[in-house]
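J.: Quick one: structure below, then a few questions.
Protein chains in written order, with the working numbering: chain A, 1 to 320; chain B, 321 to 714.
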């Protein structure tokens, strides 16, 4: 830390630092810390936060007492009558979908981003190519949602104005309702996510690839290593810490993802994700207890990353 | 030597191929949006945007069935001049046209040896006839979608036509006040600006103060406090929405700009401080030491040394926060809603409840992207720099 050994001369009174921190600490306490605590306590309450969640239990049905909202948040979408119904209902639930998003969108955007970073490094129009891939980062999820909703448009029998269905029909296929066929629609939404976030992954990975010392790669080439070997055995291990960071950032982004689903399908046709479900419970069904319980589930999923983030920060500080 | 170069170029071909393919996937959907937003509504709904440069609808059918007698321009037969609007207006629908084509003229079949066109072809010919007679002239490109989107026009024709004919809906006044129609993108653009500018400025200001304290002032619990802040960076927005919206409801801050400014400021803080502190901490120490030795106070050091030197970090942070707030939907949805709609809200509302046509959606989406795109392409360098400094936010 730059000021771990602050020269004596800088210690000007005990109050001054806190005056500088005051505005920031005030808004953070009020808008992050206080609401977090309040959210947790509301998640144990009923529909409008006036009584305990245990009062919402229905006679004769399984009840988790004060944890009733969590009971709802975790099991309402699932059909536990047999293993096979559980399995299929899980993959159509917001949790199954969020898991799909995490696995496919993170691997998709990190994989494509890395591929593009490596390839673009070898061509003369690198800057141009990269800024094109990066461009969706400037556009809102809403805008990107509209762009892709139009690509996926499912027209009439005679006329396809959506690009993808026009291509399919011109090749002799049947048009596909990309946004309403279950399973396929989650993939279709996920592609939009990959389209948006690949540029982000590419930019960070590209910067760390460029930081790999040329001497190491030259030495490997002199020893007769193939490009492919150099990539897998030298570059990837060197940039592995950055890849891990990008993956964690992406997982957090996916967990919080709301806009794409909200704009493109509204969570219908089996495309719901945790973040959209929270919004629906809170602002469409006006159920404070359930909405906050889902938010807490979301934050529980993120806690490992909060921990990881702090650990990484401390490690970085020790290296300085 | 020469062979080596050819080999090198050949080896590069797959690389170029993949890169160009990916660039196309990134550009083509966006291009489709832009082109569609510039086409007249009938064209948008009856043909894909990629056909924009192909011959207009109906001209091929016209040439096939009619041009041999009526001529390519439609004026070959003087007592059946197809460019005459009065004549063509007798065929408002393709049914009338088909009936005439099937009927006899001077006891000869109208079409003589040529077969009568199919229904679809007849409809296309009718479109073509309306165009050459000037009844319903459709330009290839038009700005009317943008005008409709800006003023919030939701009718079936277009703002300009309805205003000219005096049949505009009640909430349209046909003067400049329409730009402030709460259903339009013009008003939403102003609202987005009013939300974004203070919500960008305030966090930067607070973060500059706090970043300076974290980087160069000594106080107890500094490291612990900063570590907590690093953890707070990834707290999801969803975790804080409900208590704040309940509180805002009590304070009457729901639907006000102040509420949104403060919320964005609070939420943007951890990342902004993190970035500021890392940037300021990397400035040379001698600078501060000599400033203090010269008798400068903290405050002088802050606004005469730190602020000017921190300009690159401020720029990065500014772009980040600007794009974040401008593109945000969730906060706008919860705290502003329909009372003071911003652009993202307006568009999502068109999709989810109003079911507006593609011509309006594409134009509106493009309007909302305009400013971020300009900011992005002009200041990309700073944006990338800010991102590389650790972007985990939202």
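Here a beta-carbon is modelled for each residue, glycine too, at the ideal position from N, C-alpha and C. Since we're looking at a predicted model, the values are computed, not measured.
#1: Give the interface partners of residue 23(A) over in chain B, defined as CB-CB distance under 7 Å, in chain order.
#2: Check whether the Cβ atoms of residue 350(B) and residue 140(A) sit closer than 7 Å, and answer yes or no.
#3: Between which two residues does the alpha helix (DSSP H) carrying residue 378(B) extend?
#4: At a Cβ threshold of 7 Å, is residue 202(A) touching chain B?
#5: By the DSSP assignment, the alpha helix (DSSP H) with residue 323(B) in it spans what residues?
#6: For residue 428(B), which three-state DSSP category applies?
#7: Run through DSSP, which three-state label would residue 93(A) get?
#8: Measure the alpha-carbon distance for residue 407(B) versus residue 419(B) and round it to whole angstroms.
#9: With 7 Å set as the bound, which would you pick, yes or no: does the beta-carbon of residue 166(A) sit closer than that to a beta-carbon of chain B?
#10: Using a Cβ cut-off of 8 Å, pull out every chain B residue sitting near residue 178(A), in sequence order please.
#11: With a Cβ-Cβ cutoff of 7 Å, do residue 178(A) and residue 550(B) count as a contact?
#12: Are the segment 428-439 of chain B and the segment 471-479 of chain B in contact at 8 Å, needing three or more beta carbon pairs?
#13: Thinking C-alpha only, which one of 254(A), 283(A), 49(A) is nearest residue 107(A)?
#14: Between residue 70(A) and residue 630(B), what straight-line distance do the alpha-carbon atoms span, to the nearest angstrom?
#15: Are there 16 or more other CB atoms within 10 angstroms of the CB of residue 597(B), so buried, or fewer, so exposed?
#16: With distances taken Cα to Cα, identify the nearest neighbour of residue 38(A) among 680(B), 502(B), 561(B).
#17: Quick one: grab the DSSP three-state call for residue 45(A).
#18: Can you grab the Cα-Cα spacing for the pair residue 4(A) / residue 651(B), in whole Å?
#19: Identify whether residue 131(A) lies in helix, strand or coil by the three-state DSSP scheme.
#20: So that I know if they touch, is there some Cβ in chain A lying closer than 7 Å to that of residue 556(B)?
#21: Which term fits residue 700(B), buried or exposed, when burial requires 16 or more other beta carbons within 10 angstroms of its beta carbon?
#22: Restricting to Cα atoms, I'd like to know which of 190(A), 53(A), 74(A), 279(A) is closest to residue 102(A).
#23: Quick check on this structure: which residue in 89(A), 19(A), 26(A) has the alpha carbon closest to the alpha carbon of residue 76(A)?
#24: Does the Cβ-Cβ distance between residue 138(A) and residue 692(B) come in under 7 Å?
#25: CA-CA distance, residue 526(B) and residue 579(B)?
#26: Would you mind sorting residue 705(B) into buried or exposed? The rule is 16 or more other CB atoms within 10 Å of its CB.
#27: Strictly below 7 Å CB to CB, what residues from chain A border residue 448(B)?
#28: Along the chain, where does the alpha helix (DSSP H) that runs through residue 215(A) open and close?
#29: By the criterion of Cβ-Cβ separation under 7 Å, what are the contact partners of residue 677(B) in chain A?
#30: Using a Cβ-Cβ cutoff of 9 Å, what residues of the segment 538-551 of chain B are near chain A? List them in chain order.
#31: Between the Cα of residue 111(A) and those of 342(B), 559(B), 666(B), spot the shortest distance and give me the residue it belongs to.
#32: Using DSSP bridges, identify the partner residues of residue 52(A).
#33: Put residue 460(B) into one of helix, strand or coil per three-state DSSP.
#34: Closest by CA to residue 163(A), which one among 371(B), 529(B), 444(B)?
#35: Go ahead and label residue 619(B) buried or exposed: buried means 16 or more other beta carbons lie within 10 angstroms of its beta carbon, across all protein chains shown.
#36: Could you tell me whether the Cβ atoms of residue 634(B) and residue 524(B) are closer together than 7 Å?
T.: The answer reads as follows:
#1: 526, 529
#2: no
#3: Unbroken run through residue 378(B): none, as it is neither H nor E.
#4: no
#5: 322-357
#6: strand
#7: coil
#8: 15 Å
#9: yes
#10: Within chain B, no residue comes near residue 178(A); the closest Cβ sits about 13 Å away, beyond 8 Å.
#11: no
#12: no
#13: 254(A)
#14: 46 Å
#15: buried
#16: 561(B)
#17: strand
#18: Bear in mind that the predicted position of residue 4(A) carries a pLDDT of just 48, short of 50, making it unreliable; the figure below should be weighed with that in mind. C-alpha separation (whole angstroms): 38 Å.
#19: helix
#20: yes
#21: buried
#22: 190(A)
#23: 89(A)
#24: yes
#25: 17 Å
#26: buried
#27: Going along chain A, no residue has its Cβ under 7 Å from residue 448(B), so there is no contact; the nearest lies around 17 Å.
#28: 214-222
#29: Within 7 Å Cβ-Cβ: nothing; residue 677(B) doesn't reach chain A, min ~11 Å.
#30: 538, 539, 540, 542, 543, 545, 546, 547, 548, 549, 550, 551
#31: 342(B)
#32: 45(A)
#33: coil
#34: 371(B)
#35: exposed
#36: yes
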